[in-house]
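A quick write-up on the structure given underneath.
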Amino acid sequence: MGKSLLVTGAAGFIGANFVHYWARQYPADRLVAYDALTYAGNLANLDSLRGRPNFSFIHANICDYDRVLQTMREHAVDTVVHFAAESHVDRSIAGPDAFIATNVVGTHCLLKAAREVWLGGAAVAPHRFHHVSTDEVYGSLAAAAPAFTEAHKYEPNSPYSASKAASDHLV
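Under the working numbering, the first residue of the sequence shown is numbered 14, with each subsequent residue one higher.
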């Protein structure tokens, strides 16, 4: 078997498309789809993968450190692809607590578990942590302005973008 990927936010639009892509491109790799199935997650997005021997779905929250740690150990995860996030600016203004919890604390839980699993022993195996962000961390873009690049300074202007910027800085 090849890699063992933990894909957070796997039942969301982008996460599910990534999981399907990866399953087609790298059929020998193990895929552990991890999602809390909140407003943006839909388990039906993963229906065609269910029953495959190298596919697992875990219905859990990334803020549950013990569950994340258990999952990473149980599936010998060597790669995390982190899509899970509370999103949408308007929702973040109406209720920022969930954004701080998932986007900041959840990312911290994933990093902490990865550090424990990957760096906690005598031998360090190859591993990767891929964190997905948003252009919202750069603020607003004027109509005539050039596109943002990673070199732009952060200027978050909503609880959503601030929480994603914070998670970027943790990673």
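Ideal Cβ positions, reconstructed from N, Cα and C, are used throughout, including at glycine. If you're wondering where the values come from, they're calculated on a predicted model, not measured in any experiment.
Asked                                                                                                                             : Found
Could you tell me whether the Cβ atoms of Leu19 and Val93 are closer together than 7 Å?                                           : yes
With distances taken Cα to Cα, identify the nearest neighbour of Asp185 among Ala126, Gly134, His140 and Ser176.                  : Residue 185 lies beyond the residue range present for the chain, which begins at 14 and ends at 184; the question has no answer from this structure.
Return the CA-CA distance between Ala98 and Ile113, expressed in angstroms with no decimal places.                                : 10 Å
So if DSSP puts Asp48 in a beta bridge, which residue, or which two residues, is it bridged to?                                   : His72
Taking only three categories from DSSP, how would you classify Leu124?                                                            : helix
Look up Arg65 in the DSSP assignment and say whether it is helix, strand or coil.                                                 : coil
So the beta strand (DSSP E) Ser17 belongs to, where does it begin and stop?                                                       : Ser17 to Thr21
Pick from Ala41, Cys76 and Val130: whose alpha carbon is nearest that of Glu87?                                                   : Val130
For Val93, list the residues DSSP reports as bridge partners.                                                                     : Leu19 and Phe142
Which word fits Val45, buried or exposed, when buried means at least 16 other C-beta atoms lie within 10 angstroms of its C-beta? : buried
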